[in-house]
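>
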Amino acid sequence: MGAATVSAALVVAALATNAYADECTGISARGERFAQCFDLGNRLSVTASSEGLGIAVGVRHEITFDDDPDLEWKMQHTLVDASHSAFDGAFEGAFYRGRYLRHSRDGHLVIPFGGGAPKKVFLPFDIGAIFEAGSIAWKPMDPEFTIGVVRVAPLVDFARARDYHRIFALGPSMHWDMNVDRSFEAVTTQTVAPFSELLANAHFESDDGLWVSDMRVEAGTAWRSDRGWSAEARASATVERIVIAIRDRPVALTAGIQYDSVRAETVARIGARFVVLDRTHPRVSLHPLQPKRTDPLVAPPPPIPEPPPEPPVLDLEPHAPQAEPDSSPIGQAVQSLLLGS
Amino acid sequence: MRAVYTAIAVIGIVLPGARAFADDALPRAMDPDHPVMCLRDASDLVWRIQCDNRTKQCLYAPNEELDEAGHRVKPLERARTCELDVPFDRKKMEADGFTFTPAIVDAPYGWMRDEHQRVYQVNFDLRKRLYVGAAYTPQKILDNPLESTRTSVDFGLFVYNHLSNADSKTPTMHRLRLFEGQVHMQPFSAEFVMAHYDMSHKFLDPLLRITTFVGTPRRHDMVLDLGTWGEVGNLELHKTPMGNSQLWRHATAQVTIDLWQSADLSSFARIRTGLGLEGQRDDVNGYRTAITESSAFDIDWVLDPQGFNNVRFLLSHEVPRYFTATETTGKFVQRFKAQLEYERIILAINDQPLSLHVAAGGEKRDDLPGVPNVWAFVFDTGLRFSLWAPPRLAPHS
Numbered sequence: 001m002g003a004a005t006v007s008a009a010l011v012v013a014a015l016a017t018n019a020y021a022d023e024c025t026g027i028s029a030r031g032e033r034f035a036q037c038f039d040l041g042n043r044l045s046v047t048a049s050s051e052g053l054g055i056a057v058g059v060r061h062e063i064t065f066d067d068d069p070d071l072e073w074k075m076q077h078t079l080v081d082a083s084h085s086a087f088d089g090a091f092e093g094a095f096y097r098g099r100y101l102r103h104s105r106d107g108h109l110v111i112p113f114g115g116g117a118p119k120k121v122f123l124p125f126d127i128g129a130i131f132e133a134g135s136i137a138w139k140p141m142d143p144e145f146t147i148g149v150v151r152v153a154p155l156v157d158f159a160r161a162r163d164y165h166r167i168f169a170l171g172p173s174m175h176w177d178m179n180v181d182r183s184f185e186a187v188t189t190q191t192v193a194p195f196s197e198l199l200a201n202a203h204f205e206s207d208d209g210l211w212v213s214d215m216r217v218e219a220g221t222a223w224r225s226d227r228g229w230s231a232e233a234r235a236s237a238t239v240e241r242i243v244i245a246i247r248d249r250p251v252a253l254t255a256g257i258q259y260d261s262v263r264a265e266t267v268a269r270i271g272a273r274f275v276v277l278d279r280t281h282p283r284v285s286l287h288p289l290q291p292k293r294t295d296p297l298v299a300p301p302p303p304i305p306e307p308p309p310e311p312p313v314l315d316l317e318p319h320a321p322q323a324e325p326d327s328s329p330i331g332q333a334v335q336s337l338l339l340g341s
Numbered sequence: 001m002r003a004v005y006t007a008i009a010v011i012g013i014v015l016p017g018a019r020a021f022a023d024d025a026l027p028r029a030m031d032p033d034h035p036v037m038c039l040r041d042a043s044d045l046v047w048r049i050q051c052d053n054r055t056k057q058c059l060y061a062p063n064e065e066l067d068e069a070g071h072r073v074k075p076l077e078r079a080r081t082c083e084l085d086v087p088f089d090r091k092k093m094e095a096d097g098f099t100f101t102p103a104i105v106d107a108p109y110g111w112m113r114d115e116h117q118r119v120y121q122v123n124f125d126l127r128k129r130l131y132v133g134a135a136y137t138p139q140k141i142l143d144n145p146l147e148s149t150r151t152s153v154d155f156g157l158f159v160y161n162h163l164s165n166a167d168s169k170t171p172t173m174h175r176l177r178l179f180e181g182q183v184h185m186q187p188f189s190a191e192f193v194m195a196h197y198d199m200s201h202k203f204l205d206p207l208l209r210i211t212t213f214v215g216t217p218r219r220h221d222m223v224l225d226l227g228t229w230g231e232v233g234n235l236e237l238h239k240t241p242m243g244n245s246q247l248w249r250h251a252t253a254q255v256t257i258d259l260w261q262s263a264d265l266s267s268f269a270r271i272r273t274g275l276g277l278e279g280q281r282d283d284v285n286g287y288r289t290a291i292t293e294s295s296a297f298d299i300d301w302v303l304d305p306q307g308f309n310n311v312r313f314l315l316s317h318e319v320p321r322y323f324t325a326t327e328t329t330g331k332f333v334q335r336f337k338a339q340l341e342y343e344r345i346i347l348a349i350n351d352q353p354l355s356l357h358v359a360a361g362g363e364k365r366d367d368l369p370g371v372p373n374v375w376a377f378v379f380d381t382g383l384r385f386s387l388w389a390p391p392r393l394a395p396h397s
């Protein structure tokens, strides 16, 4: 009995798994389709939050190889991620943010030394990098604004997910920031962390894209041109939950918290994110397959007119039907035997 | 160098699940240029077999990757297709004198296989990559390596060389660099370029030919391998005794002449000259603009076919002509710069190379207020980590 129950449960679970694709496409009572899963990586979104109005363009794509199906580059780009507060004139933005992860089934390290063939050591993680360029932070009451010229962190990703849903990555971080005097429009201080900080990034998405959370911690020491080395730390956490969709464009509630030891500030924000353009989730089918077209694409030729019926041949004298002579050897032998020739 | 080996050893020891294989006794690999057959044995397992009629030797290997116990676990990666189930009579071949030897399946150019038939990259094109690096001046490492003010970092978001018309006799190499730069911490200096493009072309017809008639008439061809070089958005920052200096080279365009080119145009020696528009701002003179004549001699040399050893040399001269003279400089100033770099791949993590980078450079200029017009030298040694870096083009391609 128990075994049967378990088997039934497994069958139900298997059926549920097979029906996974259907979970992303809802059908209303009137038979109309709507999206229930969303692609969080490819979209143009506008965010209205307690920090102001923001815009971001996200692009995700994979680079795969025909001759190595176990290797995949997961590329995530964010272009022009900016927000502006109309209340106090604050502005924050980044020209480009990229996160690249190289997922392979067999992580390894190759050492080309020691003579002979290179040596190979197998490692249990994926690798990748974060690259950010051209960020700016403009605070209303601050006499300076900050330009983040570049921020780079090579990463090792222990999550090793084939998709974008899970990331747990660590790596040394390098960044170069400039403080610019707003009045004199001149650089006042430079801040450089030459891989002297550790960056940890955790990212989780639900399969349907309704939930996404991202956490990032960066801590270590950095050099400032005016006061030398000092410890600094930054941390941020965001969570986004899609609550409704308008014409299959999701609207999400967002919440986040950000800490910066240099500014000695902790900022929390909440808001709503409206996706203006996005790519339809691959498992969503808003347009059902059309039934196979049966009518011919080319007009058929005109029907051939049937010939008029021939007049009947009148045969008034009845006669027996005459069989055709059998030309086979056996048939000829039979005929000669019967006819006596 | 010992520190690097120590680090490698530590990585290998402490990481859970890390397994090292000694590749010294690797079986012979199949020849990628010879045909290979796929045959099914009595157990329905597929084997790759490559026979040489001259040596009467057949190499055979399983058509799948193996685990540590020798079990077949997954299909081969980066393996060429082979004809399956062709007629094959092993007993007859053995009677004809053929011997059968276990081997490793061949891998594409730039890759190798281990004894488990797993593939890994052993050839790297450092002209196609994203890289980050950190360097230290050796003198300061002894003080405090984590807080050395003699530290520098370098980065390149997109380094891409593309060879067009590679199969023709007149190929063209396009070199694109996006957001590449370097930051030195003390004395602070930084330089980065938003976009760079240069192009080399191999010309077949001589631009000029001279015939000499002294003795036997002889023809002398002078091929001028002309190209172009350009940069947009070059920013250079310096901390001087009299404040900060910012130099924006808004745009620079030059003509290049390659004095030497390698066959695949990945290496070259060239001279280049041209004009640029720049603006400089410092705390003494404010902002001023200039038209700059610039010339340089470049060497970019990949020393080995595997791309492991790379040398770069730069000797440049710039003469900005400012529209107005200042208290510290006249209308004309001069900048000299020399730099020699050597980069050597020391290991690869998931086929992504980590390289040792050594650089020595000097600079002499009279455009920075408070900076003496004498040669100043800097020496850096550090590591670079590169992403992407695919195998270099095969020599015949």
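Protein sequence lines correspond, in order, to chains A and B.
Quick note: the first sequence uses the working numbering, first residue 1, plus one each step.
Quick note: the second sequence uses the working numbering, first residue 1, plus one each step.
Glycine is no exception: its CB is placed at the ideal position from the N, C-alpha and C atoms.
Note that this is a predicted model, so its numbers are computed, not measured.
Expressed to the nearest angstrom, what Euclidean distance is found between the alpha-carbon atoms of L76(B) and R219(B)?
Approximately 55 Å, taken between the alpha carbons.
> Taking the Cβ atom as the reference point for each residue, do R102(A) and D126(A) lie within a distance shorter than 9 Å?
Yes, Cβ-Cβ distance for R102(A) and D126(A) is below 9 Å.
> If you pair each beta-carbon of the region 208-217 of chain B with each one of the region 157-164 of chain B, do three or more pairs fall below 8 Å?
Contact between the region 208-217 of chain B and the region 157-164 of chain B is absent, because fewer than three Cβ pairs lie under 8 Å.
> Could you list which residues in chain B have their beta carbon closer than 7 Å to that of I304(A), in chain order?
Neighbours of I304(A) on chain B: none; closest Cβ ~51 Å, over 7 Å.
> Determine whether the beta carbon atoms of E293(B) and L247(B) lie at a separation below 9 Å.
Their beta carbons are not under 9 Å apart, which means E293(B) does not touch L247(B) by this criterion.
> According to DSSP, simplified to helix, strand and coil, what is L383(B)?
In the structure shown, L383(B) sits in a strand (DSSP, three-state: E or B).
> Measure the alpha-carbon distance for I299(B) versus L126(B) and round it to whole angstroms.
Rounded to whole angstroms, I299(B) to L126(B) spans 15 Å at the Cα level.
> Could you round the C-beta distance between A253(B) and G274(B) to whole angstroms and report it? I think they count as a contact, below 8 Å.
Indeed they touch by this definition, with Cβ atoms about 5 Å apart.
> Can you pull out the residues from the region 218-229 of chain A whose beta carbon lies closer than 8 Å to at least one beta carbon of chain B?
Taking 8 Å as the Cβ-Cβ cut-off against chain B, the residues of the region 218-229 of chain A that qualify are T221, W223, S225, G228 and W229.
> Comparing the C-beta of F155(B) with each C-beta of chain A, is any distance below 9 Å?
It does; some Cβ of chain A falls within 9 Å.
> Short of 6 Å in beta carbon distance, which residues of its chain neighbour S233(A), apart from the five on each side in sequence? Order them along the chain.
The displayed chain sequence assigns Ala, not Ser, to residue 233(A). Excluding residues within five positions, the ones whose Cβ falls inside 6 Å are A219 and S261.
> When you compare the CB positions of Y131(B) and A394(B), do they come within less than 9 Å of one another, or not?
No. Outside cutoff.
> Classify I167(A) as buried or exposed, calling it buried when 16 or more other Cβ atoms lie within 10 Å of its own Cβ.
With 16 or more other Cβ atoms within 10 Å, it is buried.
> At the 9 Å Cβ level, is I299(B) part of the contact set with chain A, yes or no?
Not one chain A Cβ lies under 9 Å of I299(B).
> Name, going along the chain, the residues of the region 341-368 of chain B whose beta-carbon falls closer than 8 Å to a beta-carbon of chain A.
Cβ contacts with chain A: I345, I346, L347, A348, I349, N350, D351 and Q352.
> In chain B, what lies closer than 7 Å to P154(A) by C-beta?
Going along chain B in sequence order, the residues near P154(A) (Cβ under 7 Å) are V132 and F385.
> With a CB to CB cut of under 7 Å and the five nearest residues on each side skipped, what residues in its chain are close to A389(B)?
Cβ within range, chain order: F124, D125, L126, K128, R129, Q352 and P353.
> Check for me: the beta strand (DSSP E) holding E341(B) runs from which residue to which?
First-last of the beta strand (DSSP E) with E341(B): R335 to I349.
> Looking only at its own chain, which residues have a Cβ that is under 6 Å from the Cβ of T99(B), when we skip the five neighbours before and after it?
So the qualifying residues of the chain are Q57.
> Please report the straight-line C-alpha distance between L226(B) and A269(B), rounded to a whole angstrom.
When rounded, the distance between both Cα atoms is 12 Å.
> K239(B) CB to nearest chain A CB: under 9 Å?
Yes, K239(B) counts as interfacial toward chain A.
> When the Cα of R43(A) is compared with those of I27(A), S28(A) and R60(A), which residue comes out closest?
For R43(A), the nearest C-alpha among the options comes from R60(A).
> Do V153(B) and M75(A) count as a contact pair if the criterion is CB distance below 9 Å?
No. Outside cutoff.
> Mind checking whether L340(B) and G382(B) have CB atoms under 9 Å apart?
No; because the gap between Cβ atoms is not below 9 Å, this pair is not in contact.
> With a cut-off of 9 Å, does the C-beta of L142(B) fall near any C-beta of chain A?
Because the pLDDT at L142(B) is just 42, under 50, the model does not fix this residue reliably, and the point stays unresolved.
> Could you have a look at C37(A) and say whether DSSP puts it in helix, strand or coil?
Here C37(A) sits in coil by DSSP.
> Quick one: list the residues of chain B neighbouring D70(A), beta-carbon separation under 7 Å, in chain order.
Correct list: E77.
> By Cβ distance below 7 Å, which residues in the same chain neighbour T189(A) in space, the five residues on each side in sequence not counted?
So the list reads N179, R224, S225 and D226, once near-sequence residues are dropped.
> Which residues share a DSSP beta bridge with L368(B)?
According to DSSP, L368(B) bridges with nothing at all.
> Quick one: using the 10 Å Cβ neighbour count with 16 as the cut-off for buried, is D282(B) buried or exposed?
Counting Cβ neighbours within 10 Å, D282(B) comes out buried, since at least 16 surround it.
> List, in chain order, every chain A residue whose beta-carbon is nearer than 7 Å to that of L188(B).
Leu is not the amino acid found at residue 188(B); the sequence shown has Phe there. Simply Q190 and S225.
> Span of the alpha helix (DSSP H) holding R90(B)?
Looking at the DSSP string, the run of the alpha helix (DSSP H) that includes R90(B) is R90 to A95.
> Please compile the residues from chain B whose C-beta is within a distance smaller than 7 Å of the C-beta of D157(A).
Near D157(A) there are no residues of chain B at all, since even the closest Cβ is about 10 Å away, more than 7 Å.
> For E231(B), count neighbouring C-beta atoms within 10 Å of its own C-beta (all shown protein chains included) and say buried if the count is 16 or more, exposed if not.
E231(B) should be labelled buried.
> Can you tell me the Cα-Cα spacing of A153(A) and D114(B), whole angstroms?
Approximately 31 Å between the Cα atoms of the pair.
> Just the Cα atoms here: how many angstroms apart are N165(B) and K202(B)?
Those two C-alpha atoms are separated by around 10 Å.
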